[in-house]
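Undergrad: Take any residue in the sequence shown, note its place counting from 1, add 85, and you have its number in this note's numbering.
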Amino acid sequence: MTITIDGKICSCEKGEKLLAVARRNRIPIPTLCHHESLPGQASCRVCIVEVVQQGRSTVTSACVYPVEEGIQVYTNSDRIRRERGMILALLHKRAPDSRLIADMCRIYGAPELNRVSVSLPGKCILCGLCVRACAELSVGAISTVNRGVTKEIATPYHEPSAVCVGCGSCASVCPTGAIEVTETADTRTIWDKTFPLVRCARCGAPIGTREELDHAARKAGVERETLCEHCRRRSMTDVLAAAYGD
Ligand code: SF4
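(1) From G289, R318, R273, pick the residue whose C-alpha is nearest to that of E296; which is it?
(2) Going by alpha carbons, who is nearest to Q139 out of A226, A256, I88, A326?
(3) How do the segment 156 to 168 and the segment 246 to 254 stand: do at least 3 beta-carbon pairs fall below 8 angstroms, yes or no?
(4) Is the CB-CB distance between E268 and P245 below 9 angstroms?
(5) Look up C190 in the DSSP assignment and say whether it is helix, strand or coil.
(6) Would you give the residue range spanned by the beta strand (DSSP E) that K93 belongs to?
(7) What does DSSP give as the partner residue(s) for T229 in the beta ladder?
(8) Out of curiosity, what's the CA-to-CA distance linking E135 and C209?
(9) Tell me whether A226 counts as near the ligand SF4, meaning its Cβ is closer than 8 angstroms to at least one heavy atom of that ligand.
(10) Output needed for C212: all residues of its chain with C-beta closer than 6 angstroms, excluding positions within five of it in sequence on either side, in chain order.
(11) Can you check which of these residues, P196, A263, L185, A218, is closest to R167 by C-alpha distance?
(12) Does the beta-carbon of I292, which I'm using as the reference point, lie nearer than 8 angstroms to any heavy atom of the ligand SF4?
(13) Would you mind sorting H243 into buried or exposed? The rule is 16 or more other CB atoms within 10 Å of its CB.
(14) I'd like the span of the beta strand (DSSP E) that includes Y159, first residue to last.
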């Protein structure tokens with residue numbers, strides 16, 4: 086089937102998400118909380134587009150909208166520019182230290198919201214991707230706490246978590262870099278907890294925290310990994326070469 090995005094006819098499968106169709110056709114739609122591995126978030130609303138179907142126009146989040154035959158989509162209409170600008174201006178109030186959001190506000194012409202006085206320090210937009218990433222790992226070390234303007238993502242009671250494995254997945258999916266991770270030669274610190282780093286038994290490169298490797302090994306029912314990815318592949322080719330006499 087086909088749909089039209091900004092005047093371009095695009096082929097797609099029924100039910101495919103609009104954002105995926107637009108990206109495949111190189112039509113830019115900005116996102117913050119969308120992550121390929123954790124789709125269906127739709128919390129930041131930066132990806133709003135206008136969809137016209139049978140003469141009716143609606144504004145919807147492209148990341149979760151399943152396409153239907155013949156719809157016409159406008160990613161940058163006056164209405165979308167106005168509404169997206171307002172969404173970004175509010176996100177900037179919530180996360181004034183985020184350089185990314187400040188840049189997006191400039192690019193998309195977000196208005197100054199001088200009358201909105203709530204301005205919290207930090208970079209977190211409360212999209213919840215980090216919480217989902219941690220839950221996907223079956224860890225669940227962080228969650229949303231408090232309500233209203235004091236709502237935030239944290240470990241229980243803001244104490245170093247007993248279950249966090251220091252993998253850094255929460256930080257790597259965060260769109261605004263709100264989660265601080267610091268590494269020395271031997272340690273990684275995240276959520277106020279410091280983890281020892283394990284080094285590759287062959288080349289000495291750091292391969293993760295001990296807790297992270299133990300957790301992955303437990304889940305997979307195997308021994309804790311001792312080699313980095315590069316050396317693992319090399320040792321595999323060594324085994325094959327020995328077996329087949331290369
Ligand atoms: S670093 Fe801790 S909180 Fe973050 S995803 Fe890994 S286990 Fe969860």
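Here a beta-carbon is modelled for each residue, glycine too, at the ideal position from N, C-alpha and C.
Note that the structure is a prediction, hence the values are computed from the model and not measured.
TA: Considering the structure as presented:
(1) Here residue 296 refers to the residue found at position 211 of the sequence shown. Closest in C-alpha terms to E296, from the list G289, R318, R273, comes R273.
(2) Numbered from 1 along the sequence shown, position 54 holds the residue referred to as residue 139. Closest option to Q139, Cα to Cα, is I88.
(3) Proximity of the segment 156 to 168 to the segment 246 to 254 falls short of the contact definition, fewer than three beta-carbon pairs being nearer than 8 angstroms.
(4) Start at 1 with the first residue of the sequence shown, and residue 268 comes out as number 183. Start at 1 with the first residue of the sequence shown, and residue 245 comes out as number 160. Result no, Cβ atoms of E268 and P245 do not sit closer than 9 angstroms.
(5) As a first step, residue 190 must be located in the sequence shown, where it is residue number 105. In this structure, C190 counts as helix in the three-state DSSP scheme.
(6) By one-based count along the sequence shown, residue 93 stands at place 8. Element bounds for K93: 93 to 96.
(7) If you number the sequence shown from 1, residue 229 lands on position 144. Answer is I238.
(8) The residue given as residue 135 occupies position 50 in the sequence shown. The residue given as residue 209 occupies position 124 in the sequence shown. Here the alpha carbon of E135 sits roughly 27 angstroms from the alpha carbon of C209.
(9) For this step, residue 226 is matched to residue 141 along the sequence shown. Of the heavy atoms belonging to the ligand SF4, at least one sits nearer than 8 angstroms to the Cβ of A226.
(10) Here residue 212 refers to the residue found at position 127 when the sequence shown is read from its first residue. The residues C118, S128, C129, in chain order, have a CB closer than 6 angstroms to that of C212 in the same chain once the five nearest residues on each side in sequence are set aside.
(11) For this step, residue 167 is matched to residue 82 along the sequence shown. Nearest C-alpha to R167: P196.
(12) As a first step, residue 292 must be located in the sequence shown, where it is residue number 207. Incorrect: I292 has no Cβ contact closer than 8 angstroms to the ligand SF4.
(13) Counting from one through the sequence shown, the residue named residue 243 turns up at place 158. By the beta-carbon neighbour count (other beta carbons within 10 angstroms, threshold 16), H243 is exposed.
(14) Against the sequence shown, residue 159 aligns to sequence position 74. 157 to 159 is the span of the beta strand (DSSP E), which, as asked, contains Y159.
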